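Heads up, the sequence shown is in the working numbering, so the first residue is 142 and it goes up one at a time.
Presented below is the structure to which this report refers.
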Amino acid sequence: MADKNPSLSLTPKTKKIVIVGAGIIGASLGYYLSQRNDITVTLLERDTPGAGASGHSFAWANAFGKDPREYHTLNRRSLDMWYRLAHQLDTDIGIHYGGEMRWESDPQRAAQLRQRIHQIQRWGYPCRLITCDEMLTLEAHLQPGTVLAASLSEADIHIETDTFIDVCLRQACEAGAVVHSQTEATGFVVRNGSVAAVKTPNGEFPCDVVVLASGVQTTELASLAKARIPQQRSPGIVIKTTPCVEVLHNVAVIHAPPKDENHQHLHLRQLADGSLRIGQGTQEGINRDDSQAHADALLARAKTYLPAIADAKAIPTPVGYRPMPLDGFPVLGFTKAVPNLYIALMHSGVTLAPFVGEMATLEIVDDVRVDWFAPYRPERFG
Ligand SMILES: Cc1cc2nc3c(=O)[nH]c(=O)nc-3n(C[C@H](O)[C@H](O)[C@H](O)COP(=O)(O)OP(=O)(O)OC[C@H]3O[C@@H](n4cnc5c(N)ncnc54)[C@H](O)[C@@H]3O)c2cc1C
């Protein structure tokens, strides 16, 4: 933690904070902020909570593929915080523990996996190479085919985002926060260079601080306050299935190799109701195909690795748009243009939600600048 933020002239005593967006980031922030004294928290959500990227996410919390090291560490800190947050919220928040298991059947990719594991082990990530026998001991239903290298990243988890968002908002409301669903922020009342109120069709919401946790819409909203927060378009698809038998007994997430050059890696997780979530490619991979044929094809590939899910039916899911800042890294902090406008925009928001919620609360309430956020300030975009 470091020096005071000189641009803020706010004094405590019922600081009014309006959060625009009730995805996983807005919900986490709403929870942390509402736990503080002399703070009133209002969340404005134009749809229903979780309707944005959070509801379309693969929701694998990890620091596996996060480079450079500084960004890996940010994700790692947040990943490790999920356990503390679960304890604090003291109810089922939709976490699935057990780590992430992956394997490769192509010699070049197997070499890359070994290299990656050694690199992140040096960074202190709890992961290791495992044998095919260990894979099958962990997941007896698996029929992995050729395994040239396999790994387990033991700290990784996945999260049922709807459950987590519900819990955060419920506990925030118990602490006095108010959530307005179907209430779209359409503009700002700016007085003396600061946002005095957020405009909506249902009226104006006065504020001392406004937080944009509005996902892909953050760019447009920020521009209304003359702040430049550029994003790239990043559509992705994670299909759902009907509930099926429990196939993942120990690990939370699996990444299976492509069968051939025409395919991408497959990732899969299972929810408490038995349904599966399946995606392909990397966490940043572009995919716009929300057809039944695509959903069927993904599930068919999953069935070759997990024949026990033979009865599952694929449910196509609409395209989800990742909040994706132009350089791929989070945008966190007050803007120079409007000193009481706080931006919380990021990909990997499922991984980052606990840490961002807790640290942004320090910045907003205690008027400090958190060093961990220094590389991710909004002014880097000019
Ligand atoms: C296909 C896919 C796979 C992903 N996989 C992973 C993964 O495995 N791991 C990981 O960590 N991350 C993953 N992500 C990214 C992660 O889901 C997002 O970073 C995270 O959900 C962002 O949360 P958020 O709350 O910032 O945004 P959102 O969930 O989009 O929430 C923003 C909310 O703001 C509301 N809103 C927008 N404009 C307004 C307005 N004007 N007024 C009021 N409300 C407004 C929206 O309706 C929305 O509910 C994935 C995303 C996608 C799409």
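Cβ atoms here follow ideal geometry from the backbone N, Cα and C, with glycine treated the same way.
Predicted model only: the values in this text are computed from it and were never measured.
Kindly list the residues whose CB is nearer than 7 Å to the CB of residue i, restricted to its own chain and excluding five residues on each side of it in sequence; keep chain order.
i, result
"L365", "G328 and F329"
"R463", "A194, S375, G377 and H488"
"S148", "Low confidence applies here, because S148 scores a pLDDT of 45, under 50, leaving its location unreliable; read the following figure in that light. So the list reads F475 and P480, once near-sequence residues are dropped."
"E245", "A251, L254, L289, A290 and P398"
"G469", "H488"
"A436", "I380, A455, I456 and P457"
"L283", "M276, L277, Y446 and L447"
"C314", "V320"
"L230", "V308 and Q312"
"P153", "With a pLDDT of only 47 at P153, under the threshold of 50, the placement of this residue in the model should not be trusted; the figure read from the coordinates follows. For P153, where only same-chain residues beyond five positions count, the Cβ hits under 7 Å are D179."
"Q176", "A316"
"A453", "T382, T383, C385, L417 and L440"
Let me confirm a value: residue i is counted as buried when at least 16 other C-beta atoms fall within 10 Å, else exposed. Which label applies?
i, result
"K477", "exposed"
"D512", "exposed"
"N391", "exposed"
"I427", "exposed"
"P448", "exposed"
"V506", "buried"
"Q253", "exposed"
"H197", "buried"
"N343", "exposed"
"R521", "exposed"
"Q256", "exposed"
"V472", "buried"
"N216", "buried"
"D233", "exposed"
"G523", "exposed"
"E211", "exposed"
"Q433", "exposed"
"R243", "buried"
"K367", "exposed"
"P459", "exposed"
"R225", "exposed"
"A274", "It should be noted that the sequence gives Asp, not Ala, for residue 274. When all chains shown are included, D274 counts as exposed."
"K400", "exposed"
For residue i, collect the residues of the same chain with a Cβ closer than 8 Å to its Cβ; drop the 5 residues on either side in sequence, then sort them by chain order.
i, result
"K220", "Reading off the sequence, residue 220 comes out as Leu, not Lys. Same-chain partners within the cutoff: A202, N203, A204, A296, D297, I298 and T492."
"L439", "I380, L407, I419, G420, Q421 and A455"
"H213", "A204, K207, I261, W264 and Y266"
"Y173", "G498, E499, A501 and T502"
"T272", "A291"
"T387", "Per the sequence presented here, residue 387 reads as Glu, with Thr not at that position. Taken in chain order, the residues that qualify are Q411 and G415."
For residue i, which residues does DSSP report across the bridge?
i, result
"M242", "L293 and I395"
"G164", "Answer is none; G164 lacks a bridge partner."
"I236", "I300"
"C103", "The structure shown does not extend to residue 103, since the chain is modelled only from 142 through 523, so no value can be given for it."
"T183", "V159 and V319"
"W201", "H299"
"I380", "I419"
"Q372", "P466"
Apart from the five residues on each side of it in sequence, which residues of its chain come closer than 6 Å, Cβ to Cβ, to residue i?
i, result
"K340", "T327 and G328"
"D414", "P384"
"M465", "Q372, Q373, S375 and H488"
"G239", "N391, V392 and A393"
"G490", "I165 and I166"
Please indicate yes or no: does the CB of residue i lie closer than 7 Å to some heavy atom of ligand 3?
i, result
"I236", "Ligand 3 is not among the ligands present in this structure, which contains only ligand 1."
Inset, instruction - Would you mind listing the alpha helix (DSSP H) stretches within the region 284 to 357 that are 4+ residues and don't spill past its ends, in chain order? - result: 302 to 315
Legend entry - beta strand (DSSP E) runs contained entirely in the region 455 to 514, provided each spans 3 or more residues: 472 to 475 and 482 to 486
Inset, instruction - Only counting runs of 3 or more residues, tell me where the beta strand (DSSP E) segments fall wholly within the region 382 to 438, in order along the chain. - result: 394 to 397, 407 to 411 and 417 to 421
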